[in-house]
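K.L.:
First, the structure itself, so that you have it in front of you.
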Amino acid sequence: MDPLVTAVIIVVLAIIVISVFLSFFPVMLWVSAIASGVRIGIITLVAMRLRRVTPSRIVNPMIKATKAGLGLSINQLESHYLAGGNVDRVVNALIAAQRANIPLIFERAAAIDLAGRDVLQAVQMSVNPRVIETPIVAAVAKDGIEVKVKARVTVRANIERLVGGAGEETIIARVGEGIVTTVGSSGSHKDVLENPDLISRTVLGKGLDAGTAFEILSIDIADVDVGKNIGANLQTEQAEADKRIAQAKAEERRAMAVAQEQEMKARVVEMRALVVESESQVPLAMAEALKSGKIGVMDYMNLKNIEADTQMRNTIGKPDSADSDHNGGNSNA
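Going by UniProt numbering, 277 is the number at position 277 of the sequence shown; the sequence numbering is gapless.
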């Protein structure tokens with residue numbers, strides 16, 4: 001075999017062996033740790049590889065913690081990493097808390113990180129309070145006028161209550177509830193417009209930060225506007241509803257009256273039918289009487305004469321007939 005090819009193969013194999021060796025034995029990382037004063041053995045780094053722990057994720061934060069004088073151990077950082085935490089963020093938060101003279105131990109910082117909160121941001125909020133702006137809250141005073149209020153809440157993170165404490169949404173909801181209560185208890189919307197700080201004092205005195213991860217420092221009213229006249233609108237809508245109810249009841253009474261009228265007409269027709277039926281029985285009764293001899297022919301003729309005389313008198317007694325006769329007499333004259 002060509003000596004040149006053999007040399008190339010040996011070099012490639014050497015590079016592969018060195019790469020594999022360095023992947024299991026992070027010598028440069030170990031050298032950096034020793035140079036930074038971190039007491040850690042090369043075997044410990046190899047054991048981290050076997051436990052599927054990235055050594056740099058542990059060693060680099062350990063170097064920062066050692067330089068900051070936090071007094072942490074490799075086992076603490078590795079256990080937090082295996083639990084799914086962010087070791088670098090926890091160490092940065094501990095360093096920031098130490099510089100800001102905020103009491104924070106590793107166990108609490110790790111618990112906050114594992115709870116899903118950004119522990120570094122919490123420490124920063126403890127040093128630099130954050131302003132939360134609420135949406136526009138609409139409330140109605142006792143005089144029926146709507147008042148729209150927007151507030152700015154200055155909060156500071158409470159490290160002791162970060163685990164299990166409520167978040168910003170709870171703060172916003174409680175402040176909105178306090179605004180509605182304060183405006184609703186005001187006799188007039190003018191009182192709110194004249195003294196907007198009344199809302200701040202009332203809401204701030206309710207202890208709205210209880211059970212939350214924040215401490216409310218101040219509540220400032222950013223904007224106050226007058227909205228609709230809710231009382232007048234409600235009265236108008238009530239009057240309109242009463243009018244519709246009255247119209248519906250009137251329509252119901254009209255329908256009942258129409259139905260009753262139709263029913264009476266039907267009864268009149270029914271009575272007339274009974275009369276016609278009764279009158280139809282008269283000729284039969286007369287024929288039966290003549291046949292049985294209860295009345296004679298002369299009696300029947302007298303009855304017909306009486307009927308004719310009665311019909312003539314009825315005709316003469318009608319106004320139309322009297323006027324016709326009078327006009328006829330004048331023409332004859």
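Positions of the beta carbon are idealized from the N, C-alpha and C atoms, including for glycine.
#1: Is it true that the CB of Gly176 sits closer than 8 Å to the CB of Leu208?
#2: Look at the alpha carbon of residue 341 and the alpha carbon of Glu194, and state the distance between them as a whole number of angstroms.
#3: Hey, could you find the ends of the beta strand (DSSP E) Ile132 is sitting in?
#4: Beta-carbon within less than 6 Å of Val192's beta-carbon, same chain only, minus the 5 sequence neighbours each way: which residues are those?
#5: Going by beta-carbon coordinates alone, are Met62 and Ile74 separated by less than 8 Å?
#6: Between the stretch 127-138 and the stretch 156-173, do three or more beta carbon pairs fall short of 8 Å?
#7: Closest by CA to Arg57, which one among Ala241, Ala68, Gly37, Ala33?
#8: Assuming Val149 and Val137 make a contact with CB atoms under 8 Å, what is their CB distance in whole Å?
#9: What span of residues does the alpha helix (DSSP H) with Ser32 cover, start to end?
#10: Would you kindly work out how many angstroms separate the C-alpha atoms of Gly144 and Leu162, rounded to a whole number?
#11: So Ser218 is in the beta strand (DSSP E); what residue range does that whole segment cover?
#12: Within the stretch 114-192, note down every full beta strand (DSSP E) run reaching 3 residues or more, in order along the chain.
#13: Would Thr66 pass as a contact of Val91 if the rule is Cβ separation under 8 Å?
#14: Ends of the alpha helix (DSSP H) at Thr66?
#15: Give me the residue from Gly164, Ile105, Gly71 with the minimum Cα distance to Arg117.
#16: Which class does Lys276 belong to by DSSP, given the choice of helix, strand or coil?
#17: Run through DSSP, which three-state label would Ser324 get?
#18: Kindly indicate the opening and closing residues of the alpha helix (DSSP H) around Gly317.
#19: Are there 16 or more other CB atoms within 10 angstroms of the CB of Tyr81, so buried, or fewer, so exposed?
#20: Quick one: is Ser324 buried, meaning 16 or more other Cβ sit within 10 Å of its Cβ, or exposed?
#21: Use the C-beta contact count for Val140: other C-beta atoms within 10 angstroms, 16 or more gives buried, fewer gives exposed.
#22: What residue does the alpha helix (DSSP H) around Asn75 start on, and which one ends it?
#23: For Ser331, count the other beta carbons within 10 Å of its own beta carbon; 16 or more makes it buried, fewer makes it exposed. Which is it?
P.N.:
On the basis of the data shown:
#1: Going by beta carbons, Leu208 and Gly176 fall outside the 8 Å limit.
#2: Outside the shown range of the chain (1 to 333) lies residue 341, about which nothing can therefore be said.
#3: 130-133 is the span of the beta strand (DSSP E), which, as asked, contains Ile132.
#4: Excluding residues within five positions, the ones whose Cβ falls inside 6 Å are Val147, Val183, Ser186.
#5: It is a contact, given that the beta carbons lie within the stated cut-off.
#6: A contact exists between the stretch 127-138 and the stretch 156-173.
#7: Among Ala241, Ala68, Gly37, Ala33, the Cα nearest to that of Arg57 belongs to Ala33.
#8: That belief holds up - the Cβ atoms of Val149 and Val137 are roughly 5 Å apart, short of 8 Å.
#9: For Ser32, the enclosing alpha helix (DSSP H) covers residues 27-35.
#10: Straight-line Cα distance between these residues: approximately 41 Å.
#11: Start and end: 214-229.
#12: Along the stretch 114-192, the beta strand (DSSP E) occurs as fully enclosed runs of 3 or more residues at 130-133, 137-140, 145-157, listed in sequence order.
#13: Judged by their CB atoms, Thr66 and Val91 are not nearer to each other than the 8 Å cut-off.
#14: That run of the alpha helix (DSSP H) goes 55-68.
#15: With distances taken between Cα atoms, Arg117 lies closest to Gly164.
#16: Reading the sequence as shown, one finds Val at residue 276 and not Lys. In this structure, DSSP gives Val276 a helical state, which the three-state scheme calls helix.
#17: Because Ser324 sits at a pLDDT of 49, beneath the cut-off of 50, its placement in the model cannot be relied upon, and the point is left open.
#18: Looking at the DSSP string, the run of the alpha helix (DSSP H) that includes Gly317 is 297-317.
#19: Taking every protein chain shown into account, the CB of Tyr81 has 16 or more other CB atoms within 10 angstroms, so this residue is buried.
#20: Below a pLDDT of 50, predicted positions are generally treated as unreliable, and Ser324, at 49, falls in that range; the measurement from the model is reported next regardless. Exposed: under 16 other Cβ atoms inside 10 Å.
#21: Classification for Val140: buried.
#22: Judged by DSSP secondary structure, Asn75 falls within the alpha helix (DSSP H) whose first and last residues are 74-82.
#23: Bear in mind that the predicted position of Ser331 carries a pLDDT of just 45, short of 50, making it unreliable; the figure below should be weighed with that in mind. For Ser331, the number of other beta carbons within 10 angstroms of its own is below 16, and it is reported as exposed.
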